[in-house]
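Just so you know, the sequence shown maps onto residues 23 to 819 in my numbering. Glycine included, every Cβ here is placed at the ideal spot set by N, Cα and C. Just so we're clear, the structure is a prediction, and the values are computed from it rather than from any experiment. Quick notes on the structure that follows.
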Amino acid sequence: MQVIRLVVFGVFISWMFVSADTIYVPGDETTIQNGISAAQKGDTVIVDEGGYYENLFFINKSIVVGSRFLVDGDTTHISRTIIFGSNPTNPDYGSVAYFYGCTDQQVLCQLSGFTITGGSGTIYRSSSTSGREGGGIVVYESDVCISNNRITGNTVQHDINGFGAGISVFMNSASVRKMIIRDNQITSNMLLTDNGGGGGIYLGIHNFDLLLENNRIIDNRIESISGGSTTGMGAGIFYEINLPDSGTHQIGNNIISSNNNFCSKSFGGGIHFTYWDSQSTTIPQDPNTRLYNNIISENYSQYMGGAISVIRNNIRPENRNFLKQPVLLNNTLVQNEALRGSGVFMLNAVPIILNTIIQNRKAPNTGSEIYGIGENETVLKVFNLYGDVILANVIVDDPKWTNIEYCIYNTDPQLRTSMCQLCMYSPCIGMGLGSFNIDGRQFDAPVNDINGNPRPSAADIFVDIGAIESPYPAVQRPLKLSLDKTYLQRDSDLLNIAALISSPHQKKVRVFAKIYDVTDSLIVGSVELFDNGMHSDNDSSDDWYGGSFILPEIESTFEVSEIQIDDAASEYSLVYGIKNNNRFTSKGPFVVSGHTLMHGDTIPQIPGIFRIKLLLENTGYDTEVKTVSAHVRSLVPWAEIIFESNPTYGNIMAGEAKETKGWYRVEIKSNSDPEELLAMEVVIAEDGFEFWESTYDLPLPVTEISSNFPMNYSLRQNYPNPFNPETRIDFSIPEKSFVSLVILNVLGQEVAKLEQKNLMPGSYSYKWDASGFASGVYVCSFQANNYSDNKKLILIK
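Set out below in structure tokens:
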């Protein structure tokens, strides 16, 4: 962002000192509009303090118009140089400033240093609709910089459509335009309409570069005219974009506060984003909308999204998984309110939220922090997911997103309420990440915070969470967590827990591990951990804390879900959520109770290959284990075991034994001297979590063939026969075969296809429903490899 600042400043200097003319109002021209009309490309119009009742038109201009603020930098000129737009010559053009066709990216048209008030907006009409937009400023297809203004007290009123009571920008150009809105106060503007958005700012954009930075967007409102079913979007900002888009959109270092959206279908008290898929089949995967270092606070939406609302419309199936917009980096979303999703509302959207504080008021309905509808996929590096968080198909801290270490929740971030600064012992300090890699794309934390201070601060080397970097070093936090086992015998085994806790303040703390029952979704225990050298290691006062937990007398799956750190002096209490790779179980255990060889295989001496299924038995008391899988490894150097097909077992009840659905391929290597037993290590998992270990010794050699598979090919006569309207057809195959099972009529024409694919050895049963066929004689034709057979079927109705 510093680069953009320097470029703009350089352009400004060239205007001031290289351009031909500076026009003074009222010295050279009596009105601001006369100065604008007289100015040529690169000219500057300087306006003295005073009140000017004008509506300004910038048509095909590349000039600078500013108050004396541009001359000496004195901000008092801004409040004393006022443009009143309340008396337009044509009421259809009631915007205080109107820009059109100002398309010179080398010399942006600039408006700076004024109070802009009393505007009523500009009427637009099309073949299908009409509306009013841009109470203070309206921009069409122009390269413009709006900076250092007070845009306040403007009203847009229209019973059909209304947009942008403070500023309205509409760009839909084939070439990329540039728009800078910087260092403005956009306050107390009013949008009265039954459909529209942007109480402060409306951005209807396609193919333009946006920099919206360092603004104060406060106390803007959207209200309904009719009081009926009305739609209002973004009381602070309404951002609407057609995809694909070639521009980049940076929204940073803004304070967006106390904006109110009072429509019955309101979306976004602070900001609302609408993304429209076009007819193009290509949607760019790199997010071009980035929000950074914004404080979004105390906004209200009557319906959805107190702070932020994101909606994606017209989704094409081929674009469904491509859009990850917008990206939020180091923002603070606090004390916002809505009926649903006081923090963030998402509809068919996939925002990426990183290093962000989300702490908002209780939603009267659902989703105090985040409420999602549709196909959402969210990466959260967020703090404080309080209360009833509703996430519909939202992925939180999923392993496929790399470099995401913690998901932190259910803890007060400890902010200084009025300023959103972090207190000395805030758990947000040092818990951010400097960079993220998501789907191969790099996202970096801003190098400075909202106040321009460096990130990270000089206090430590860690990035903080939120828009404001703290001057304090990071507080205590868990760095590592380990368990001594993954399976425990219920009501007898001890679980030893060890946690490495950072202690930059060198304060005495108490550390607790919270045990969560995954099956029943509740906390079942809390274990205090001690740095006394008696639990995790033999050294005391080395920041390794340890403790032991004895399970209750139940079979279930558990995890260490949280680490709580309490300052001994009661200055703070922190809770850190831990990723769910710290699971253990009291179900089972499992043992390997037998094996089955594929029909036709024997276990050879040297060398040779055979295929085997293992029989796993759940020896637990009363609990089913779901989605069981097993990895098998040879414990002898002369044999290798690999998965040949699906090595899963499905669900296994207590006391039940089940074979894998696929095969393990065992290779006895050459130049070996096999012993009498092939020793195997079997690691058994539930839902992908490896809990149990077992061993199994396979005797060598084995010549007995398993009787679990048929010895020959066969097609049995259907039953019943005759039939009406259903009949069963059974067949057997002794080896893997390509099977064709079809029904023919008496002319030999195929009328039904029951199966045509590769099948593993075994016996199979198929049902033929002949409800739609006439009475008569049919033929069941069966082929498997080189074997074939036919059976006559008689249908009588």
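Buried or exposed: residue i, going by 16 or more other Cβ atoms within 10 Å of its Cβ?
i: Q771; result: exposed
i: P373; result: buried
i: V366; result: buried
i: P742; result: exposed
i: Q128; result: exposed
i: T209; result: buried
i: D96; result: exposed
i: Q324; result: buried
i: D241; result: buried
i: L596; result: buried
i: E575; result: exposed
i: K83; result: buried
i: R499; result: buried
i: F260; result: buried
i: V404; result: Residue confidence for V404 is low, a pLDDT of 44 falling below 50, so the modelled location carries little weight; the figure read from the coordinates is stated next. Label assigned to V404: buried.
Report, in whole angstroms, the separation of the C-beta atoms of residue i and residue j, which I expect to be a contact under 8 Å.
i: Y509; j: P611; result: 6 Å
i: N470; j: R463; result: At roughly 22 Å, the Cβ-Cβ gap does not stay under 8 Å, so N470 and R463 are not in contact.
i: T645; j: A679; result: No, T645 and A679 are not in contact; Cβ-Cβ is about 16 Å, not under 8 Å.
i: L517; j: F606; result: 6 Å
i: S716; j: V613; result: 5 Å
i: I490; j: Q443; result: 5 Å
i: I239; j: G222; result: 4 Å
Just how far apart, CA to CA, sit residue i and residue j?
i: G250; j: N276; result: 33 Å
i: R532; j: N315; result: 33 Å
i: V503; j: F571; result: The sequence given here has Leu at residue 503, not Val. Between L503 and F571, the C-alpha separation is close to 15 Å.
i: L776; j: R738; result: 15 Å
i: S108; j: N77; result: 8 Å
i: G135; j: K529; result: 51 Å
i: A806; j: D506; result: 52 Å
i: R750; j: M782; result: 20 Å
i: A480; j: S562; result: 30 Å
i: P113; j: I145; result: 9 Å
i: F370; j: F79; result: Per the sequence shown, residue 370 should be read as Asn rather than Phe. Between N370 and F79, the C-alpha separation is close to 40 Å.
i: P468; j: G488; result: 11 Å
i: R90; j: N310; result: 36 Å
i: S142; j: H180; result: 10 Å
i: V650; j: Y671; result: 5 Å
Does the Cβ of residue i lie closer than 8 Å to at least one heavy atom of the ligand SAM?
i: Y115; result: This structure lacks the ligand SAM, and indeed carries no ligand of any kind.
In three-state DSSP terms, what is residue i?
i: L573; result: coil
i: T98; result: helix
i: S149; result: coil
i: V93; result: helix
i: S59; result: helix
i: I168; result: strand
i: I54; result: helix
i: P756; result: coil
i: V540; result: coil
i: D565; result: coil
i: N807; result: coil
i: K779; result: strand
i: L130; result: coil
i: S785; result: strand
i: L355; result: strand
i: M212; result: strand
i: Y314; result: strand
i: E550; result: strand
i: D466; result: strand
i: A187; result: coil
i: Y447; result: coil
i: P500; result: strand
i: E391; result: coil
i: P721; result: strand
i: R7; result: Absent from the model: residue 7. The displayed extent of the chain is 23 to 819, so no value can be given.
i: G219; result: strand
i: W660; result: coil
i: P478; result: coil
i: T44; result: strand
**Request:** Check whether the stretch 152 to 162 touches the stretch 179 to 191, taking contact to mean three or more Cβ pairs, one atom from each stretch, closer than 8 Å.
**Result:** Yes, since at least three Cβ pairs between the stretch 152 to 162 and the stretch 179 to 191 fall closer than 8 Å, the two stretches touch.
**Cβ contact check for the stretch 452 to 461 and the stretch 545 to 552: 3 or more pairs under 8 Å** = no
**Message:** Could you check whether the stretch 659 to 666 touches the stretch 635 to 643, counting it as contact only if at least three pairs of C-beta atoms, one from each stretch, sit closer than 8 Å?
**Reply:** Flag = no, the stretch 659 to 666 and the stretch 635 to 643 do not touch.
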